[in-house]
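Note sheet for the following structure.
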Amino acid sequence: MFDAVVQQLRDLGCEVLAHDLCAEGFAPGLSADETETVRAAAGSHDPQVALHRSEVATLDAMVFVHPNWWGMPPAVLAGWVQRVLVPGVAYKLGTAQGEPEGLLKAGRALVLNTSDTPADREETEFGDPLDRIWSACVLPYVGVTDVRRVVFRTVTGSSHETRASWLRQARHHAAALLV
Numbered sequence: 137m138f139d140a141v142v143q144q145l146r147d148l149g150c151e152v153l154a155h156d157l158c159a160e161g162f163a164p165g166l167s168a169d170e171t172e173t174v175r176a177a178a179g180s181h182d183p184q185v186a187l188h189r190s191e192v193a194t195l196d197a198m199v200f201v202h203p204n205w206w207g208m209p210p211a212v213l214a215g216w217v218q219r220v221l222v223p224g225v226a227y228k229l230g231t232a233q234g235e236p237e238g239l240l241k242a243g244r245a246l247v248l249n250t251s252d253t254p255a256d257r258e259e260t261e262f263g264d265p266l267d268r269i270w271s272a273c274v275l276p277y278v279g280v281t282d283v284r285r286v287v288f289r290t291v292t293g294s295s296h297e298t299r300a301s302w303l304r305q306a307r308h309h310a311a312a313l314l315v
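Take a look at the structure:
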C-alpha cells in the first residue's frame, strides 16, 4: 500500500519524501536528551531525527500508512510522532489562548490503516482509538485541519481481488488529497 501511494503521487507530479521507518531502522525510543522540551525544540543529536524534523516542516500534506496495532500505530510510528513532532518543530506552547499552536504548513493528511477488527466491533467495543489518535490528538495539535482516514479490513482471509481493490482505493484517496 505504501509503495502504491508513493508511486501514485509521483505519477501525478508530486515531490514525495517517503520513509519506511522500519526499513530505515528508525529508533522509536526517546533519548534522555529528547525528553527535555528545550532540547527537543532546539534540535536533535540524531541525524535521522533531525532530517525528519526538517522535512516535516516543509510538507504540504502528509500520508501515514500503517496497521492497527492493538488500537495504536506500531511502536516505530508512535516513536516517530514523539521524536519528530516536537515543540518548536510541529507546535508551540505558551500561546495567549493557552492552547497549542500548530506550526506545520501541511493542512491535509491521509491516514490509511489495515485492520483485522470488523468495523462495528472497532466502534462499539473500542471507540475507534486510531481515529481519536490521528483526528483528535496528534494531527490537529500540529496544525493539520483536514484529516482523512480510510481503513481496509479485514486483512486476514482477504482475497487477492480484495487486496487489489484496496490498492486502487489507496491510490484514489492519495490523488484526492491533492485537491
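Residue 226 in the working numbering sits at position 90 of the sequence shown; the count goes up by one each step and never skips.
Here a beta-carbon is modelled for each residue, glycine too, at the ideal position from N, C-alpha and C.
Excluding sequence positions up to five away, which residues of its chain have a Cβ less than 6 Å from the Cβ of residue i?
{"i": "Val278", "result": "Leu221, Ala226, Tyr227, Gly238, Leu240"}
{"i": "Thr231", "result": "Glu237"}
{"i": "Gln143", "result": "none"}
{"i": "Leu303", "result": "Ala140"}
{"i": "Leu213", "result": "His202"}
{"i": "Pro265", "result": "Gly207"}
Between the Cα of residue i and those of the options, spot the shortest distance and give me the residue it belongs to.
{"i": "Val247", "options": "Ala232, Asp267, Gly215", "result": "Asp267"}
{"i": "Thr250", "options": "Asp156, Pro183, Leu166, Phe200", "result": "Phe200"}
{"i": "Asp282", "options": "Cys158, Leu303, Asp252, Met198", "result": "Met198"}
{"i": "Ala211", "options": "Ala245, Val286, Pro164, Thr292", "result": "Pro164"}
{"i": "Thr171", "options": "Pro265, His309, Pro223, Arg289", "result": "Pro223"}
{"i": "Val291", "options": "Asn204, Cys150, Glu151", "result": "Asn204"}
{"i": "Asp182", "options": "Phe262, Thr260, Trp216, Gly234", "result": "Trp216"}
{"i": "Glu235", "options": "Gly263, Thr253, Ala255, Pro276", "result": "Pro276"}
{"i": "Glu191", "options": "Ala154, Arg284, His296", "result": "Ala154"}
{"i": "Leu313", "options": "Arg284, Glu297, Val274", "result": "Arg284"}
Leaving out five residues before and five after residue i in sequence, what residues of the same chain have Cβ atoms less than 8 Å from its Cβ?
{"i": "Glu160", "result": "Gln184"}
{"i": "Phe288", "result": "Met137, Leu248, Asn249, Thr250, Ser251, Trp302, Gln305, Ala306"}
{"i": "Ala255", "result": "Val287, Arg289"}
{"i": "Val274", "result": "Val217, Leu221"}
Could you tell me which residues DSSP puts in a beta bridge with residue i?
{"i": "Val247", "result": "Phe200, Arg285"}
{"i": "Glu237", "result": "Lys228"}
{"i": "Met208", "result": "Trp205"}
{"i": "Pro265", "result": "DSSP output for Pro265 lists no bridge partner at all."}
{"i": "Pro223", "result": "Tyr227"}
Under a Cβ-count criterion, where at least 16 other Cβ atoms within 10 Å of its own Cβ denotes burial, should residue i be classed as buried or exposed?
{"i": "Pro209", "result": "buried"}
{"i": "Trp206", "result": "exposed"}
{"i": "His188", "result": "buried"}
{"i": "Leu145", "result": "buried"}
{"i": "Val286", "result": "exposed"}
{"i": "Val315", "result": "exposed"}
{"i": "Ala300", "result": "exposed"}
{"i": "Arg244", "result": "buried"}
{"i": "Glu258", "result": "buried"}
{"i": "Ala272", "result": "exposed"}
{"i": "Ala310", "result": "buried"}
{"i": "Thr173", "result": "Low confidence applies here, because Thr173 scores a pLDDT of 49, under 50, leaving its location unreliable; read the following figure in that light. Looking at its Cβ environment, which holds fewer than 16 other Cβ atoms inside 10 Å, Thr173 is exposed."}
{"i": "Val148", "result": "Here residue 148 turns out to be Leu, not Val, going by the sequence shown. Looking at its Cβ environment, which holds fewer than 16 other Cβ atoms inside 10 Å, Leu148 is exposed."}
Taking 7 Å as the limit between beta carbons, can you name the residues of its chain near residue i, skipping five residues before and five after?
{"i": "Gln218", "result": "Leu166"}
{"i": "Ala242", "result": "Leu195, Asp196, Ala197, Met198, Val280"}
{"i": "Val152", "result": "Val142, Leu145, Arg146"}
{"i": "Leu229", "result": "Pro223, Pro236"}
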